[in-house]
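Asker: My questions all concern the structure below.
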Amino acid sequence: MSEIIIPEFPREWTYDDLTRTPDGAYWYEIVDGALHISPHPDLPHQYAVGQLANALHLAAPPDVVALSRIGIDCGRSVFLADLVVVARDVVLSDAPLARPFDLRLVVEIVSVSSASMDRLVKPARYAEAGIPSYWRVEGVTSGEPSIAVYNLDGCRYQETAVVQAGDHVEVDRPFPVTLAPAQLVP
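Take 522 as the starting number for the sequence shown in the numbering used here and just add one per residue.
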């Protein structure tokens, strides 16, 4: 087990500090220079990530890929996204983090422990960083999943659709893909 190195205050946390945090039961992110720790996602959450990643993979054009658990460099914040769609050539680079201008879509799946981050903090920072699309998945644990689809309008996201369990809706961003939230639960 590795030792956590806590920066001396008032210094802010950096990505380099995150590389020294232990792997295991927690996700570590930086929000405006401060460390944010959350529990590792539960099994229903991870199942939903896998199902949505597969749907995106099958619909994606050849120049992009869907990846899970990717770090995003948003300046003073470093977020660990549930799922992103990124340009294929970025995957071949040696960059430790994705840059917002490389991303086409970020998806966050809301858990009890991540609700305020996924509903408020992350979408605001992603929009400020210029990421074109954001999807928020709710209700995975309750068995009533929905997907809220947002597209960037200036420096804010505008909701363009909310797809409920049982619905099948095709969206056109980041590329045409059919969303079927019921498939996100076993």
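All C-beta atoms, glycine included, are put in the ideal place defined by N, C-alpha and C.
Rounded to the nearest angstrom, what separates Q567 and V607 at their Cα positions?
Answerer: Computed Cα separation, rounded: 20 angstroms.
Asker: According to the neighbour-count rule (16 or more other Cβ atoms, all chains shown, within 10 Å of its Cβ), is L624 buried or exposed?
Answerer: Classification for L624: buried.
Asker: Do you know offhand how far D594's Cα is from T540's?
Answerer: Approximately 13 angstroms, taken between the alpha carbons.
Asker: Using 8 angstroms as the cut-off, can you tell me whether the segment 678-691 makes contact with the segment 554-562, which would need three or more C-beta pairs spanning the two stretches below that distance?
Answerer: Too few Cβ pairs lie closer than 8 angstroms, so no.
Asker: Using DSSP bridges, identify the partner residues of L700.
Answerer: V690, per the DSSP bridge assignment.
Asker: Classify A616: buried if its beta carbon has 16 or more other beta carbons within 10 angstroms, exposed otherwise.
Answerer: Flag for A616 reads exposed.
Asker: With DSSP as the reference, identify every bridge partner of H557, one or two as the case may be.
Answerer: Paired residues: E550.
Asker: Are S559 and S663 touching if we call contact CB-CB under 7 angstroms?
Answerer: No, these two residues do not count as a Cβ contact at 7 angstroms.
Asker: If I follow the unbroken beta strand (DSSP E) through V661, where does it start and stop?
Answerer: Taken as a continuous stretch (DSSP letters only), V661 belongs to no beta strand (DSSP E), as it is neither H nor E.
Asker: So is T662 in contact with chain C if we call contact Cβ pairs under 7 angstroms?
Answerer: The question asks about chain C, but that chain is absent: this structure has only one protein chain.
Asker: Rounded to the nearest angstrom, what separates M522 and D584 at their Cα positions?
Answerer: Here the model assigns M522 a pLDDT of 45, short of 50, so the residue's position is not dependable and the matter cannot be decided.
Asker: For A581, which three-state DSSP category applies?
Answerer: Correct three-state label for A581: coil.
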